[in-house]
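Notes for the one structure printed next.
2 protein chains.
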Amino acid sequence: MMHKITLPSDEVPKKWYNINPDLPVPLPAPKNPEEGGNLENLPKLFSKGVLEQEMSQERWIKIPKEVREVYKMIGRPSPLFRAKRLEEILDTPAKIFYKREDYSPTGSHKLNTAIAQAYYAKKDGVERLTTETGAGQWGTALSLACSMMDMDCTVYMVRVSFNQKPFRKTIMQIYDGEVIPSPSNKTEFGRKMLAENPDHPGSLGIAISEAMQDALNDDNVYYTLGSVLNHVLLHQTVIGLETKKQLEIAGETPDVMIGCVGGGSNFGGAIFPFIKDQIDGKIDCKFIAAEPHSCPTLTKGEYCYDFGDTAGMTPLMKMYTLGHDFVPPSVHAGGLRYHGMAPQVALLVHEGLVEGRSVHQKHTFQSGLDFAKAEGVVPAPETTHALKVAMDEARECKKTGEEKTIVVSFSGHGMLDLQGYDDYINGKIV
Amino acid sequence: MMHKITLPSDEVPKKWYNINPDLPVPLPAPKNPEEGGNLENLPKLFSKGVLEQEMSQERWIKIPKEVREVYKMIGRPSPLFRAKRLEEILDTPAKIFYKREDYSPTGSHKLNTAIAQAYYAKKDGVERLTTETGAGQWGTALSLACSMMDMDCTVYMVRVSFNQKPFRKTIMQIYDGEVIPSPSNKTEFGRKMLAENPDHPGSLGIAISEAMQDALNDDNVYYTLGSVLNHVLLHQTVIGLETKKQLEIAGETPDVMIGCVGGGSNFGGAIFPFIKDQIDGKIDCKFIAAEPHSCPTLTKGEYCYDFGDTAGMTPLMKMYTLGHDFVPPSVHAGGLRYHGMAPQVALLVHEGLVEGRSVHQKHTFQSGLDFAKAEGVVPAPETTHALKVAMDEARECKKTGEEKTIVVSFSGHGMLDLQGYDDYINGKIV
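Those protein sequences? They're chains A and B, same order as listed.
For reference, each letter of the first sequence is one residue, going 1 to 430 in my numbering.
For reference, each letter of the second sequence is one residue, going 1001 to 1430 in my numbering.
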């Protein structure tokens, strides 16, 4: 029995997979709001490379040699593990595989796109990147990517997170990222917020606005986003492409594929390379996007045009949304607290190719504990959402006797998110 | 160029390597102190399996099938990485490889022996293991190992660490470990300490005494140790055995091998399989044990018989020691704060086969930052000691033009030790 399926460095994919030409219906284009102008700002905010990818209809997009080298350096391809002990404990005939994105040096899949975005920005000659971060995974990944590309990085971190998660700040500083609690006095919008309330706790919406303003004010600076956009999901397809190869080695075809969704990049990256096989009838797989009960974008949201940010600075995108002014309740899986959804993932849900399923965090933390005790790895709170659904599916197989192959995208580890586990163990999450 | 050398699951070693028959002179046997009895306690404290290994003169000791399966499950063999970007930054002709023990689910090499010790204890029918923990890595590994073997685990954690490192406690609790701040009222010795001072901060010496007393008082319980003893180093030789195979695949022979030393188990496990080749003249390698300047066991200690613990409950062992009542100053690399040294490692130093080298933590943290920025992974404070020496050796190669192959045992990651980095970045470590 194979416990893990590894691939050598030179099997890092040579091309990213672009799902756009294979979508069952064309992806609705982003558009300007009535007051206009947001689309026109994009070339000041993003590199030529990623904007081209954003609109591309090419199925395969070459991964630049330099990016591929860094992918190798950070340990890609990541291994695919079989959760044999978990299967035994669940007493299920199902086989459970999990793709280890926690093996990235920053602990999650985010680095896959951070490296690519930093590379294309560097190519355009800009010297600094800005971004926002809430939970901290994205800011961490971008800080390291910038360090690797010899660029500066400015991360606007929601002030309340900045204060509550001092070690998230530390790890970004280790990578030379400049971490600024937001709202800050660095931007006009930040100063306005601070004038209204000098102790403003901040919000992701405000941090996005500050990071965008910072980039718009300086020709040497781009803004970057860690999820939602087509090019971000494109970069993440290395996850699914590797998984496909690894499943072939294991002699398996997936019956169920599961990922957690906030903006949708981990899930999209993991499943997109399997979607065409599904459409072509080569596989018969159920794709499940696991979201928090408290931020039920896919299960309770509306499929319509909305802003990607709270302040309304982005173009309008067609997606499932809870409304761009929706403020999700505080949950420990900060990476899943997003009102919208990647348009590509949203379209697949709308067309019935992907099922959205919401799970409550009191159950996801228990799944995280069960998984950690069985397999050893402590999953990120975000990842526990996918694991909860995977365990439910495996238990269902026990009832029906079906020997399904279940594949989970294990998006990250929980080493910097132990407060949530501590709260759960001490009965504070109910 | 190979960035990482992986081995498939079925290449997990089938046997541990016992260095005893290959030591240049026989290992001095442990002995009783004058007041006697400590040797006689060993069978009440340790499993038959590990006590047999402790004395064995067999060069190869079979790894039980069940232990090998768990090694596979936790992802062994761990990959060997080439630090190509670090080499470029240092502008050195040397090649630097690092063996990734941080890939273990608990983040360090400690699990390699925890699993074996739990297995042999289970075989003897005991139901619970006790141990002490300071920095927390060992308690974490034993908690998970017990969880995997369906045993209970009691960890006496130095009270000041218990209070300062709440997340270390959390991760042990995730694995169902019972974490007790020491001194506690669970043992006679603990109660005595608390009677003297109800706010006693505790010490590793006291925690060891409590863990041993707990085990001695109950026939269903064994005590376990995370380093120093022969059987612990034996179990850790999977590190060196895998590294040897991986270097062969890379077409390399080591010129310098480096590990950090506290009790010596990571270092011993990594280098022992190369020592016979050195004695036989097959390789010409410098072996360097990197220790903290503040706890200079090998560089300032005396080679003589001493107790392994502070309270004097263990047999006397011949080793380098700073005296069993030596209290090392508080350094962030808690795993290296030990007054003694594994007798096998000590003997190799005394015989001139291994060089001890002490490094100051203000330099090791800088090396940790340099490494993290170059390669992405944030090393544990302990591991930065080995990295500091490796970088010094690589810089020396730049001067001499020598294309040496440098191999570092990367004992663990620093995700749960970011306070030290934060202090260093903020100028609090000088």
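No residue lacks a Cβ here, since even glycine has one placed at the ideal position from N, Cα and C.
Item	Value
Per DSSP, what are the beta-bridge partners of residue 153 of chain A in this structure?	A:129
With distance defined between alpha-carbon atoms, name the residue in B:1106, B:1251, B:1321 and B:1193 nearest to residue 1263 of chain B.	B:1321
If the criterion is Cβ atoms closer than 9 Å, does the pair residue 230 of chain A and residue 55 of chain A meet it?	yes
Just tell me which of B:1144, B:1150, B:1289 and B:1359 has its CA closest to the CA of residue 1179 of chain B.	B:1144
Quick check on residue 1285 of chain B: buried or exposed, where buried means 16 or more other Cβ atoms within 10 Å of its Cβ?	buried
Are the C-beta atoms of residue 103 of chain A and some chain E residue less than 9 Å apart?	Absent from the structure is chain E; the protein chains it does hold are A and B.
From B:1423, B:1038 and B:1024, pick the residue whose C-alpha is nearest to that of residue 1316 of chain B; which is it?	B:1038
Distance check for residue 1114 of chain B and residue 947 of chain B, CA to CA, integer angstroms please.	Coverage of chain B is limited to positions 1001 through 1430, which leaves residue 947 of chain B absent and any answer about it impossible.
Identify the contact partners of residue 1154 of chain B in chain A, using a Cβ-Cβ distance below 8 Å as the criterion.	None at all; the shortest Cβ gap to chain A is about 17 Å.
Taking just the CA atoms, how far does residue 330 of chain A sit from residue 428 of chain A?	13 Å
Tell me the DSSP secondary structure of residue 80 of chain A in three-state form.	strand
Please classify residue 1140 of chain B: does DSSP put it in a helix, a strand, or coil?	helix
What residues from the segment 6 to 19 of chain A come within 7 Å of chain B, judged by C-beta to C-beta, listed N to C?	6, 8 and 9
Counting contacts by CB-CB distance shorter than 9 Å, is residue 380 of chain A in contact with chain B?	no
Report yes or no: is there a C-beta of chain B within less than 9 Å of the C-beta of residue 215 of chain A?	no
Who are the near neighbours of residue 1006 of chain B in its chain, counting only those whose CB is closer than 7 Å to its CB and skipping five residues on each side?	1079
Hey, does residue 117 of chain A have any beta-carbon neighbour from chain B nearer than 9 Å?	no
Name the residue from B:1158, B:1297, B:1147 and B:1302 whose alpha carbon lies nearest to the alpha carbon of residue 1202 of chain B.	B:1158
Under a CB-based cut-off of 9 Å, is residue 1239 of chain B close to chain A?	no
Residues of chain A with CB under 9 Å from residue 1425 of chain B, in chain order?	170, 173 and 174
DSSP state of residue 1159 of chain B, grouped into three classes?	helix
Taking the C-alpha atoms as reference points, what is the distance between residue 299 of chain A and residue 398 of chain A?	26 Å
Looking at the ligand ADP, does it come within less than 8 Å of residue 287 of chain A, judged from the CB to the closest heavy atom?	The ligand ADP is absent from the structure shown, which contains no ligands of any kind.
Does any C-beta atom of chain A lie closer than 9 Å to the C-beta of residue 1419 of chain B?	yes
If I measure Cβ to Cβ from residue 1372 of chain B and keep anything under 6 Å in the same chain, skipping five residues before and after, which residues do I get?	1378
Could you name the residues of chain B that residue 84 of chain A contacts, counting a contact when the two beta carbons are closer than 7 Å?	1073
So, with DSSP's three-state summary, where would you put residue 289 of chain A?	strand
Hey, out of B:1151, B:1336 and B:1407, whose CA is closest to residue 1134 of chain B's CA?	B:1336
Counting contacts by CB-CB distance shorter than 9 Å, is residue 422 of chain A in contact with chain B?	yes
How about residue 1365 of chain B and residue 1332 of chain B: are their beta carbons less than 9 Å apart?	yes
For residue 1105 of chain B, I'd like the list of residues in its chain whose CB is within less than 6 Å of its CB, leaving aside the five on either flank, ordered along the chain.	1074
Between the C-alpha atoms of residue 1271 of chain B and residue 1076 of chain B, what's the straight-line distance to the nearest angstrom?	18 Å
Can residue 1393 of chain B and residue 1258 of chain B be called in contact, C-beta distance under 9 Å?	yes
By the DSSP assignment, the alpha helix (DSSP H) with residue 1240 of chain B in it spans what residues?	1230 to 1250
Counting contacts by CB-CB distance shorter than 9 Å, is residue 135 of chain A in contact with chain B?	no
Residue 1124 of chain B and residue 1049 of chain B - do their beta-carbons sit closer together than 9 Å?	yes
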